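Protein chains: 2
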Amino acid sequence: MTYCVAMRLDAGLVFLSDSRTNAGVDAISTARKMTVFEEPGDRVMVLLSAGNLAISQSVRQILAEGRDEKRSLWTARDMFEAASIVGDAVRQVHKHDAHALREAGIEFNVSLIFGGQIHGERARLFHVYAAGNFVEATPENCYFQIGEAKYGKPIIDRLVEPSLPLGEAAKCALVSMDSTLKSNISVGLPLDLLVYETDSLRVTRFVSIDEKNAYFRMIRDTWGHRLRQVFGEINDPEWDAAAPAEFPLARQNENDRWGQPVRASRERAATRD
Amino acid sequence: MTYCVAMRLDAGLVFLSDSRTNAGVDAISTARKMTVFEEPGDRVMVLLSAGNLAISQSVRQILAEGRDEKRSLWTARDMFEAASIVGDAVRQVHKHDAHALREAGIEFNVSLIFGGQIHGERARLFHVYAAGNFVEATPENCYFQIGEAKYGKPIIDRLVEPSLPLGEAAKCALVSMDSTLKSNISVGLPLDLLVYETDSLRVTRFVSIDEKNAYFRMIRDTWGHRLRQVFGEINDPEWDAAAPAEFPLARQNENDRWGQPVRASRERAATRD
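First to last, the protein sequences are chains A and B. Just so you know, we're using UniProt numbering here: the first sequence kicks off at 1 and counts up by one. Just so you know, we're using UniProt numbering here: the second sequence kicks off at 1 and counts up by one.
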């Protein structure tokens, strides 16, 4: 599996991807999921991929080659056109491979996050689906996740909004990734983190994070430690508190009442041997 | 959907369930997922259910009725036998319904957590599958989740171990539930929380938690607030730090190197019009 997350903030874009890939638990290896397309001063685009690795590598190959001079990521006039070129690449791979995959009982499974900025336009972020269609991040919904997304979603939901500074957003993405790494063995290091500052039109902040990375280790240690500390500071429930209305004990229900928590009790208990 | 979690600790058992059920987004209603079987002084058993509601209600009905005098939750000699009786109830429903469900294109989907204590034995916790087989919680793996489990898993993985006091464990279950509620609309209030103290052999701590519950509201507010606070206290990544080895910037890779993060650049950039 995979976990990738990207955020579109007022200050720019944050992209983070893991690098674990597996075809069954006995076939685990490392494949990075991030591809950067850059023409300094003119455009920076980042592609994150999840799903069938053969499909996403084919998509990446098509996009990196950009053989069609008239319609490629290098010539796209804006990010919407660029996203549709990514979608077309997915459809091209679908046309080439989907039938054979179906014959083999394999779903055409790929999911992409694609974002960046082209000179003259704002930074934009898209989620491209296996059908080649896509949606764009908005201020109300300013991030996308692909792959094993659920473990790392709550912390993002609690923290991320467009006004979040880039450093905070990168930190949040790493905490989200840490939660995922901790709970799911199919997601693994190294991580690729790219933070794009709006209007920089070049990659200035990219890092590949492995076990030795001091900052990520600090986050892992500090976050877990402080989380337990905060948790310890919150009062435990008081079952014998003076306000029982807040904690009503279950009443004995002799009959099953569906739609209610059932407290079945055995009337004939006395007859047990 | 559903989210239920239960933990087996040295001090006892904690059970928490939500009450949202849905058959599509236009058919959402409330159905509680907790059933308590109690014979004070002799046994307390708690069943949490996820999956197809018709199946889990049928299982519950069979277990609550306990028609087979010789083999019911009321007569089981130990929790292992009780768990196998739950498994048998699942198989009984399967025998009755699975064919018709399959004809209708519906999977036989049910997942149960079942735990408690019978006089003379320790408290035990089981995860019962749709096939009627089951596994038991161990000190190494002392909790089970069913339903929408992923959102609330990281916080449990960070905090729960058998030595955790019951109050802390209940609090952790509620934080885990809060994270799930925040990220997934298919899980909803009210919640049923039951905390069982080893050897009490009766239900002493049960509460149904709705929007008005002051303790749960405190947890939701405090946890979110303190989480943001702790998050703010952790340093942002420093991209221009004195130790660039920790944050190496990506090197320009002119060629695609698969297995590496690809930084594709267009050599013919100068020829663009």
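A virtual CB, placed ideally from N, CA and C, is assigned to each residue, including glycine. Since this is a predicted model, take the numbers as computed values, not measurements.
Asp157, Arg158, Leu159, Gly167, Glu168, Ala170 and Lys171: these are the residues of the segment 155-171 of chain A whose beta carbon lies less than 7 angstroms from some beta carbon of chain B, given in chain order.
Around Lys153(B), the beta-carbon contacts reaching into chain A at under 9 angstroms are Lys150, Tyr151, Ser179, Lys182, Ser183 and Asn184. The three-state secondary structure of Phe108(A), taken from DSSP, is coil. Excluding its 5 nearest sequence neighbours in each direction, His119(B) has C-beta neighbours in its own chain below 8 angstroms: Gly41, Asp42, Arg43 and Leu201, listed in chain order. By the Cβ test, the segment 113-128 of chain A is not in contact with the segment 142-160 of chain B, since fewer than three Cβ pairs between them sit closer than 8 angstroms. The C-beta of Val44(A) comes no closer than 8 angstroms to any C-beta of chain B. Bounds of the beta strand (DSSP E) holding Gly147(B) are Tyr143 to Gly147. For Glu81(A), the uninterrupted alpha helix (DSSP H) segment begins and ends at Met79 to Glu103. Contact annotation: in the segment 190-219 of chain B, residues whose CB is within less than 7 angstroms of a CB in chain A are Asp192, Val203, Arg205, Phe206, Val207, Ser208, Asn213, Ala214, Tyr215 and Ile219. DSSP, reduced to helix, strand and coil, places Glu168(A) within a helical segment of the structure shown. For Ala82(B) and Ala98(B), the gap between their C-alpha atoms comes out near 23 angstroms. Judged by beta-carbon spacing, Leu166(A) lies within the 8 angstroms limit of Glu197(A), meaning their Cβ atoms are closer than that value. Of the candidates Arg71(A), Leu47(A) and Val207(A), Leu47(A) places its Cα closest to the Cα of Phe144(A). Of all residues in the segment 111-145 of chain B, none has a C-beta nearer than 9 angstroms to a C-beta of chain A. Runs of alpha helix (DSSP H) with 4 or more residues, each lying fully within the segment 192-238 of chain A, are found at 214-233, listed in chain order.
Take the alpha-carbon of His94(A) and the one of Ala100(A): they are about 10 angstroms apart. Interface flag for Ile62(B) against chain A is unset, since no Cβ pair is found closer than 8 angstroms. Thr222(B) has a beta carbon lying within less than 8 angstroms of a beta carbon in chain A. Contact between the segment 184-198 of chain A and the segment 15-22 of chain A is present: three or more C-beta pairs spanning the two stretches fall below 8 angstroms. Of the other Cβ atoms in all chains shown, 16 or more fall within 10 Å of the Cβ of Ile85(A); this residue is therefore buried. A distance below 7 angstroms between beta-carbons, with the five flanking residues on each side excluded, links Trp74(B) to the following residues of its chain, in chain order: Glu39 and Gly66.
Taking 8 angstroms as the cut-off, the Cβ atoms of Gly147(B) and Ser176(B) do not count as close.
If you draw a 10 Å sphere on the C-beta of Ala50(A), you find 16 or more other C-beta atoms in it, and that means buried. Below the 9 angstroms Cβ cutoff, chain B contributes no neighbours of Leu16(A), its closest Cβ being approximately 11 angstroms away. Taking C-beta atoms as the reference points, Ala89(A) and Leu63(A) count as a pair closer than 8 angstroms. Only exposed fits Ala27(A), as fewer than 16 other CB atoms lie within 10 angstroms of its CB. Arg217(B) counts as exposed, since fewer than 16 other C-beta atoms from the protein chains shown sit within 10 angstroms of its C-beta. Identification of chain A residues near Leu13(B) by a Cβ-Cβ cut-off of 7 angstroms yields none; the smallest Cβ-Cβ distance measures about 15 angstroms.
For Tyr215(B) against Pro237(A), the beta-carbon gap comes to about 5 angstroms, under 8 angstroms, which counts as contact. Between the alpha carbons of Glu168(A) and Asp221(B) lies a gap of roughly 21 angstroms. None of the residues of the segment 84-107 of chain A has a beta carbon lying less than 8 angstroms from any beta carbon of chain B. Close to chain B, meaning a Cβ-Cβ distance shorter than 9 angstroms, are the following residues of the segment 225-241 of chain A: Arg226, Leu227, Arg228, Gln229, Val230, Phe231, Gly232, Glu233, Ile234, Asn235, Asp236, Pro237, Glu238, Trp239 and Ala241. Ranked by how close their Cα comes to the Cα of Arg32(A), the residues Val25(A), Thr2(A), Gln61(A) and Phe231(A) have Thr2(A) in first place. Around the beta carbon of Arg8(B), a 10 Å sphere encloses 16 or more other beta carbons of the protein chains shown; the residue is thus reported as buried. The alpha-carbon separation between Asn133(B) and Met79(A) amounts to approximately 52 angstroms. Looking at the backbone, the Cα of Val203(A) and that of Ala123(B) are separated by about 57 angstroms.
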